[in-house]
Structure formats: C-alpha cells, structure tokens
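First to last, the sequence lines map onto chains A and B. Following the working numbering, the numbering of the first sequence begins with 1 at its first residue and continues without gaps. Following the working numbering, the numbering of the second sequence begins with 263 at its first residue and continues without gaps. Just so you know, even glycine gets a beta-carbon here, dropped at the ideal spot from N, CA and C. Source: prediction; values computed, not measured. See structure below.
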Amino acid sequence: MNIIVFLKQVPDTASRIRIGAGGKNIDESDITWVISPYDEYALEEALKIKESKGTGKVTVISMGPERVTAALRNALATGADEAVHLIDPTFEGSDAFATAKILAASLKNRSYDILFFGKTGVGMDQSQVPSMVAELLNLPQVTQIAKLEVGDGKVIAHREIEGATETVEASLPVVLAAEKGLNEPRYPSLKGIMAAKKKPLEVVNLAALGLNASEVGAQGSQVVLTSLSLPPERAAGKILQGDPRETAKQLAALLRNEAKVI
Amino acid sequence: MIIVTLIEVRDGAAKKSSLEALSEARRQADKRGSTVTAVVIGSPSAEAITRTSTFRPDRILVADDAVFANYSAQAYAKALDQAVKQENAEAVFVSASAMGKEVVARTAAKSQTSVLADVVSIDWQTSFKAQRPVYSGKAYAQVEAKPGTPAFVSLRPNVFPLGEAAPDHKPDVQKLAVSIGADDLKGKVTETHKTVTETVELAEAEIIVSGGRGLKGPEHFHLVKELAQVLGAAMGASRAVVDAGWIDHQFQVGQTGKVVSPTLYIACGISGAIQHLAGMSSSKYIVAINKDPDAPIFKIANYGIVGDVFQILPALTEEIRKLKSE
Numbered sequence: 001m002n003i004i005v006f007l008k009q010v011p012d013t014a015s016r017i018r019i020g021a022g023g024k025n026i027d028e029s030d031i032t033w034v035i036s037p038y039d040e041y042a043l044e045e046a047l048k049i050k051e052s053k054g055t056g057k058v059t060v061i062s063m064g065p066e067r068v069t070a071a072l073r074n075a076l077a078t079g080a081d082e083a084v085h086l087i088d089p090t091f092e093g094s095d096a097f098a099t100a101k102i103l104a105a106s107l108k109n110r111s112y113d114i115l116f117f118g119k120t121g122v123g124m125d126q127s128q129v130p131s132m133v134a135e136l137l138n139l140p141q142v143t144q145i146a147k148l149e150v151g152d153g154k155v156i157a158h159r160e161i162e163g164a165t166e167t168v169e170a171s172l173p174v175v176l177a178a179e180k181g182l183n184e185p186r187y188p189s190l191k192g193i194m195a196a197k198k199k200p201l202e203v204v205n206l207a208a209l210g211l212n213a214s215e216v217g218a219q220g221s222q223v224v225l226t227s228l229s230l231p232p233e234r235a236a237g238k239i240l241q242g243d244p245r246e247t248a249k250q251l252a253a254l255l256r257n258e259a260k261v262i
Numbered sequence: 263m264i265i266v267t268l269i270e271v272r273d274g275a276a277k278k279s280s281l282e283a284l285s286e287a288r289r290q291a292d293k294r295g296s297t298v299t300a301v302v303i304g305s306p307s308a309e310a311i312t313r314t315s316t317f318r319p320d321r322i323l324v325a326d327d328a329v330f331a332n333y334s335a336q337a338y339a340k341a342l343d344q345a346v347k348q349e350n351a352e353a354v355f356v357s358a359s360a361m362g363k364e365v366v367a368r369t370a371a372k373s374q375t376s377v378l379a380d381v382v383s384i385d386w387q388t389s390f391k392a393q394r395p396v397y398s399g400k401a402y403a404q405v406e407a408k409p410g411t412p413a414f415v416s417l418r419p420n421v422f423p424l425g426e427a428a429p430d431h432k433p434d435v436q437k438l439a440v441s442i443g444a445d446d447l448k449g450k451v452t453e454t455h456k457t458v459t460e461t462v463e464l465a466e467a468e469i470i471v472s473g474g475r476g477l478k479g480p481e482h483f484h485l486v487k488e489l490a491q492v493l494g495a496a497m498g499a500s501r502a503v504v505d506a507g508w509i510d511h512q513f514q515v516g517q518t519g520k521v522v523s524p525t526l527y528i529a530c531g532i533s534g535a536i537q538h539l540a541g542m543s544s545s546k547y548i549v550a551i552n553k554d555p556d557a558p559i560f561k562i563a564n565y566g567i568v569g570d571v572f573q574i575l576p577a578l579t580e581e582i583r584k585l586k587s588e
C-alpha cells in the first residue's frame, strides 16, 4: 500500500496574526511554522496503515518556500519514508485550483493507493484542494474523516457532517482528508530524527513538473486575494459583578430587552 | 444572465443553509437583472420543492434519479456541472456545508477555476468580490474572481439571511437528466447516522452555549446543557475540555474545531485562548461568564458576569426559563 500525504506548513494556531507590508500577506516575523494540525492526523493515519499492512511506502509532499524543508524533515523523523518539496518562485499566489494542478502534476510517475490530506489548511481555511485534486485525477474522495477502515481495494470511511456521520465506501485509489479525532499523532523519536537524515528529500521545480508558468501562481489563478485586514475591534461590553442571582437576572433582562436575542 | 444555486437535500427536506445561498442569489440577481436557477440533487420530497419555490428561484432543476439517493461527490458534481454549463451560469452559489464544499470544489475544477470559499459578504459590481475569514477569523481576506469563468462561491452558513418567503411564487420546475456511470460512483455514502438528537447542530445554531475548563469536570457539563436546552441552543466546548476527554470533539469551537457565527454565543468557564476566540469572535453577541475578571474572553464580550459558573449558570437558566414562560 503506497500512501502519499500532502502537508501544508502554516502558522501555529497560537500565533497572533498581523498584516504584512503590502497588505496581502501576514507579517511572518514572529510566526512559528508548524505542519497544519489536520495534516498531522493524515500522516499518523498513513503510518498506521503502513504498519498494519506491513508493506508499502509513505511519501510526504509539500509545496512552499525554503522553510517548508523543516516540515518535511519533521515528517521523515516521524516515520515517513521519503519527501518531496515542490518549490518554485512561480508558485507564489496560487489559488486552490492552481495548487491542485501543481500537486496533481507532482504525482506523475508515482504509484499510490491513497492520497491523504488534512480536511483544511489551518490558515486559508478553504477546504478545496483535496476535492480539486480528486477531480483532476478522476478519483473518488472522502473528506472530514473521523474513522477509517482500509480493506481490499477499497476504504470504508466515516465522515463527520452537520449533526451526523456518513459512512462512505470508495474504491482505491482514493483521496482522503482527515478530521480531528481520527487518531492521536505520534511525536518524532530521537532514533527517528537520526534516521531522517538519511532519508531522501527530493526538490522539484516548475520545469520538472512539466507545467508552464502561465498555469500556476497568480497568473494561473482565477481567484485572487486583493487584500488582508484585521477584524474590527469589538466595543467594550457591560461586565456585571456581585450577587449571582441578581447578576443572572440582569443579564437575562439585557439579553431580552437590549440585545433582543432571547 | 443566470445564477445557479445548489439545494442540498437531507431526509427529503431542503437544507436551511442552502436556502440561505438561494436567498442571497435572489438578492444579487434582483440587483443585476439576472435570473436564478436552483438545482436540487437527491431525493427531495414535494414539500422540499415547494419550500425551495418560496425563495423565488425562476427555475428549479431536479436531479432525483435513484443514483442520487445516496450522496456521491463525483456524481453530484457532475450534475451541478451539467446545470452550470446548460444554464451558462455567470455565478454558482452553494452553502459552505460538508457537502457543499466538496461538490463546489469538484464542479469549479471542471470549469478550470477555483472557489471563493466560505464567504461572509459579497460585493458584486463589475467584478465579483467577496470577503472571507482566514486564520479562523483572526483576519479577513478580500478575494476577487477574474472574468472568463463563472464565479463559484460557497457561502458561510448562518451569515446570509433567508429571503422573505413568497408562498405563491411558481417557478418553472424541470428534471435535470444526468448520465451517471460506474466511473462516477467510485465513492458513495452507504449509511448516515444522526449524531445530534437532543441538541441543535453547532454550525447552524442561532444560539450556542459553550463550556470550558472552569466547569472543573465532565460531571458538571449538564449545567451548560440545561442552559442550552432552555434557550433552544446548540452546545459547544473549548479545546481544553475536548482534549481532556470530557466531551466529544464534534462539540469543539475554535481554530481546530468548528468556526461558528451565531447570533448569541455564551461562553461559560472559558478563559478565551486565542485559538478559541478565532472560532467564535464573529458571533453577533458574546456573553462571558468567568470567575477571572482578567480572562481574555471579557475583552470581546458584549455582556459578562464575573463570578462562579456553578452559581450563575443555574440562576441564569432559571431566569431565562421565567422570561420564556411569560
């Protein structure tokens, strides 16, 4: 069973977001970069599947600038067998579809049974790329997976939707996207960190993918981000203190008569 | 010009968040002199078609062949794509629901374009512009669709209001014939289990009552639940208590949980870690109940009580019950 896990490097969820010069990106100066949390569930699940089958290979692929190497090394130390770094200045500004084209192109000449993603890249929060990669490759998909069984030539996945769980059956190869709750990701061991240094990390650019500059980046994107701003500050609220019964009564009255929400 | 919208069918009924997308399509179409085509995929009841009609689409296309009874992202995207091409749509509006996000992404890819995903406001003049939260609401991005392909847009549930119902509106209803083969059904739903029975679903809730570490243990979560029940609200939780195993992660609000925008959000014993605030700070009214007056949650609260949740929650539940029965 060959599994490819797509990783996205994102700001740590505890990061305070500031807008960078130019107003289209975040200020990266104080950002700690991590693997997007949902991608960690995808990687853990891939490692578990490989361990239970006793055969196969886990490849991690990430698109992004130089700093992404750290995320890939971390994944290798956690147990992935090999890594691929998709890096090219022309990739900058790619929308979800341009990104999906780049990821799909990176799969040429690779064999896979499962393409694993996190359900969303924490940050841009689009949840679009896995479905678009599935469409480009004409593959079935299951996203928001909280439980997974891998059978012979197929998967049975439990998908969390609004107020319900859907059981989805899909044939291999398949695109999967992990939800929180799928597993508890492991940490890299010291032995793993040492072993990772000898594992292959391939660097792939635009030309190697066989794509044109016009198909990727801002040029190859139909949806463009024109500006980034911080949410408006909320005005100071009414904070009550004192006797619990009395303050509860005041609050109920405010919600009914002032906010008119109950 | 035509705006196409997707109507999701659950248990035979039209899903509320897709009716919100239809309502917004109607408002935009009225401004532009365009028409609206609602595409209903699944096994809709007659009542679902009637309800969809009241939100004034000009036309309804129904894809209700047996193959659509069980959801398949591939097959549903093929149906929506056919409607988009047949209607020569200028824009496609769907709800950013679990189903909507999958279907619109695949359909947009068929048109060689991306999606303006999970938008909270639309500014459509000569070009299609929208605003969407990023970093779970820690920032907002302005996005724009270039001309040349339809604008595919997913709308955040609970943000765009339902239009005023027009019970006498009679759209043209037609069948959408789609040819679906085995290659389009490589993955499909075989079973659906409801997980929310006694409380309202988080993403669609008007009111949410959430509990955090201040409750001291899972045995006290009933205080949150009782307040939620009297308000007809959904129940939520902070990451700390989900990670501690007090409650299932489907209740988690925040950057690695659900991002919600209810009318009223009541945070009980939640201090307001940055990743929790990211998930709920776009709520219209925020109420904080916490014993620590310096808790960050108070900085974004419209109303707050500094005090003991164990005393305040029962008292508040009682007061609201009284108000409701008046």
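> Beta carbon of A14 of chain A, beta carbon of I536 of chain B: below 8 Å?
Replying inline: Taking the first sequence and counting its residues from 1, one reaches residue 14 of chain A at position 14. Taking the second sequence and counting its residues from 1, one reaches residue 536 of chain B at position 274. Cβ atoms of A14 of chain A and I536 of chain B: closer than 8 Å.
> Is any beta-carbon of chain B found at less than 8 Å from that of F97 of chain A?
Replying inline: To locate residue 97 of chain A, count along the first sequence from 1; it is residue 97. Yes, F97 of chain A lies at the interface with chain B (some Cβ there is under 8 Å from its Cβ).
> Going along the chain, which unbroken runs of the beta strand (DSSP E) with 3 or more residues stay wholly within the segment 309–357 of chain B?
Replying inline: 321–325, 353–357
>> With a threshold of 8 Å between beta carbons, is I567 of chain B in contact with chain A?
In response: Locating residue 567 of chain B in the second sequence gives position 305, counting from the first residue. Yes, I567 of chain B lies at the interface with chain A (some Cβ there is under 8 Å from its Cβ).
> Taking Cβ-Cβ distances shorter than 8 Å, what residues in chain B pair up with S29 of chain A?
Replying inline: Along the first sequence, one-based indexing puts residue 29 of chain A at 29. The contacting residues do not exist; S29 of chain A stays about 16 Å from chain B at best.
>> Is it buried or exposed, P423 of chain B, if we count other Cβ atoms within 10 angstroms and call 16 or more buried?
In response: To locate residue 423 of chain B, count along the second sequence from 1; it is residue 161. Counting Cβ neighbours within 10 Å, P423 of chain B comes out exposed, since fewer than 16 surround it.
> Which chain B residues sit within Cβ distance under 9 Å of M132 of chain A?
Replying inline: As a first step, residue 132 of chain A is located in the first sequence; it is residue number 132 there, counting from the start. Going along chain B in sequence order, the residues near M132 of chain A (Cβ under 9 Å) are A367, R368, A370, A371, S376, V377.
> To which residues does DSSP link M497 of chain B through a beta bridge?
Replying inline: Counting from 1 along the second sequence, the entry for residue 497 of chain B is found at position 235. Partner(s): B:V471.
> Which value, in whole angstroms, describes the spacing of the CA atoms of K180 of chain A and E426 of chain B?
Replying inline: Against the first sequence, residue 180 of chain A aligns to sequence position 180. Against the second sequence, residue 426 of chain B aligns to sequence position 164. Rounded to the nearest angstrom, the two C-alpha atoms are 38 Å apart.
>> Excluding the 5 residues flanking S523 of chain B on each side, which residues of the same chain have their C-beta closer than 7 Å to its C-beta?
In response: Here the question's residue 523 of chain B lines up with position 261 in the second sequence. Exclusion of the five residues before and after S523 of chain B leaves R418, N420, V421, S544, S545 as the residues of its chain whose Cβ lies within less than 7 Å of its Cβ.
>> Here's the rule I'm using: 16 or more other beta-carbon atoms within 10 Å means buried, otherwise exposed. How should S500 of chain B be labelled?
In response: On the second sequence, position 238 is the one that residue 500 of chain B refers to. Counting of Cβ neighbours within 10 angstroms places S500 of chain B among the buried residues, the total reaching 16 or more.
> Just checking my contact of S127 of chain A with K363 of chain B at CB under 8 Å: how many whole Å lie between their CB atoms?
Replying inline: On the first sequence, residue 127 of chain A is found 127 positions in, with the first residue counted as 1. On the second sequence, residue 363 of chain B is found 101 positions in, with the first residue counted as 1. 5 Å between Cβ atoms; contact.
> Hey, out of B:E270, B:V266, B:F317, whose CA is closest to S296 of chain B's CA?
Replying inline: The residue given as residue 296 of chain B occupies position 34 in the second sequence. The shortest C-alpha separation from S296 of chain B is found at B:V266.
> Counting only runs that start and end within the segment 73–109 of chain A, where is the alpha helix (DSSP H) found for 4 or more residues in a row?
Replying inline: 96–105
> Just how far apart, CA to CA, sit S229 of chain A and V381 of chain B?
Replying inline: Your numbering for residue 229 of chain A matches position 229 in the first sequence. Your numbering for residue 381 of chain B matches position 119 in the second sequence. Rounded to whole angstroms, S229 of chain A to V381 of chain B spans 15 Å at the Cα level.
> Which one or two residues does DSSP pair with K520 of chain B in a beta bridge?
Replying inline: The residue given as residue 520 of chain B occupies position 258 in the second sequence. According to DSSP, K520 of chain B bridges with B:V515.
> Is the distance from the Cβ of G210 of chain A to the Cβ of A105 of chain A below 8 Å?
Replying inline: Here residue 210 of chain A refers to the residue found at position 210 when the first sequence is read from its first residue. Here residue 105 of chain A refers to the residue found at position 105 when the first sequence is read from its first residue. Taking 8 Å as the Cβ cut-off, G210 of chain A and A105 of chain A qualify as a contacting pair.
> Given that S398 of chain B touches chain A, what residues does it touch there, using C-beta distances under 7 Å?
Replying inline: Translated into positions along the second sequence, residue 398 of chain B becomes position 136. Those are D125, listed as they occur along chain A.
> What are the partner residues of F390 of chain B, as DSSP defines its beta bridges?
Replying inline: Within the second sequence, the letter at position 128 stands for residue 390 of chain B. Paired residues: B:W386, B:A407.
> Under the three-state reduction of DSSP, which class applies to E233 of chain A: helix, strand or coil?
Replying inline: Here residue 233 of chain A is taken as the residue at index 233 of the first sequence, counted from 1. Of the three classes helix, strand and coil, the one that applies to E233 of chain A here is coil, per DSSP.
>> Using only CA atoms, which one of B:F572, B:V324, B:V451, B:Q290 lies nearest to A439 of chain B?
In response: Position 177 of the second sequence, counting from 1, holds the residue named residue 439 of chain B. Minimum Cα distance to A439 of chain B is reached at B:V324.
> Name the DSSP bridge partner or partners of T13 of chain A?
Replying inline: Numbered from 1 along the first sequence, position 13 holds the residue referred to as residue 13 of chain A. Beta-bridge pairing by DSSP links T13 of chain A to no other residue.
> What residues in the segment 437–453 of chain B bring their beta carbon closer than 7 Å to a beta carbon of chain A?
Replying inline: K448, G449, K450, V451, T452, E453
>> Could you compute how far the alpha carbon of L378 of chain B sits from the alpha carbon of I532 of chain B?
In response: Position 116 of the second sequence holds residue 378 of chain B. Position 270 of the second sequence holds residue 532 of chain B. Spanning the two alpha carbons is a distance of roughly 33 Å.
>> Using CA atoms only, rank isn't needed, just tell me which of A:I4, A:N74, A:G22, A:R67 is closest to K191 of chain A.
In response: Counting from one through the first sequence, the residue named residue 191 of chain A turns up at place 191. That would be A:N74, whose Cα lies nearest to the Cα of K191 of chain A.
> Rounded to a whole number of angstroms, what is the C-alpha to C-alpha distance between N552 of chain B and Q573 of chain B?
Replying inline: Your numbering for residue 552 of chain B matches position 290 in the second sequence. Your numbering for residue 573 of chain B matches position 311 in the second sequence. Going by the C-alpha atoms only, they are around 11 Å apart.
> Grouping DSSP H, G and I as helix and E and B as strand, with all else coil, what is E466 of chain B?
Replying inline: For the purposes of this step, residue 466 of chain B is taken as residue 204 along the second sequence, with counting starting at 1. The answer is helix: DSSP assigns E466 of chain B an H, G or I state.
>> Measuring only the C-alpha atoms, how far is L489 of chain B from I528 of chain B?
In response: For the purposes of this step, residue 489 of chain B is taken as the residue at position 227 of the second sequence. For the purposes of this step, residue 528 of chain B is taken as the residue at position 266 of the second sequence. Spanning the two alpha carbons is a distance of roughly 10 Å.
> Exposed or buried, what is A46 of chain A when buried is set at 16 or more other beta-carbons lying within 10 Å of its beta-carbon?
Replying inline: In the first sequence, the residue the question calls residue 46 of chain A occupies position 46. By the 10 Å Cβ count, A46 of chain A comes out buried.
> Looking only at DSSP bridge pairs, what is E160 of chain A linked to?
Replying inline: Indexing the first sequence from 1 puts residue 160 of chain A at position 160. Looking at the DSSP assignment, E160 of chain A forms a beta bridge with A:T165.
> Just the Cα atoms here: how many angstroms apart are L539 of chain B and C530 of chain B?
Replying inline: Here the question's residue 539 of chain B lines up with position 277 in the second sequence. Here the question's residue 530 of chain B lines up with position 268 in the second sequence. Going from the Cα of L539 of chain B to the Cα of C530 of chain B covers about 13 Å.
> What residue from A:A157, A:E51, A:Q219 has the CA that sits closest to G79 of chain A's CA?
Replying inline: Here residue 79 of chain A is taken as the residue at index 79 of the first sequence, counted from 1. The residue with the shortest Cα to Cα distance from G79 of chain A is A:E51.
> Using the C-alpha atoms, what's the distance from E581 of chain B back to D675 of chain B?
Replying inline: In this structure chain B extends from 263 to 588, so residue 675 of chain B is not present and cannot be described.
> On the three-state DSSP scale, how would you describe S227 of chain A?
Replying inline: Locating residue 227 of chain A in the first sequence gives position 227, where the first residue counts as 1. Strand at S227 of chain A.
> DSSP beta-bridge partners for S171 of chain A?
Replying inline: For the purposes of this step, residue 171 of chain A is identified with residue 171 of the first sequence, where counting begins at 1. A:K154.
> Are the beta-carbon atoms of V129 of chain A and A100 of chain A separated by less than 8 Å?
Replying inline: Here the question's residue 129 of chain A lines up with position 129 in the first sequence. Here the question's residue 100 of chain A lines up with position 100 in the first sequence. Yes, these two residues count as a Cβ contact at 8 Å.
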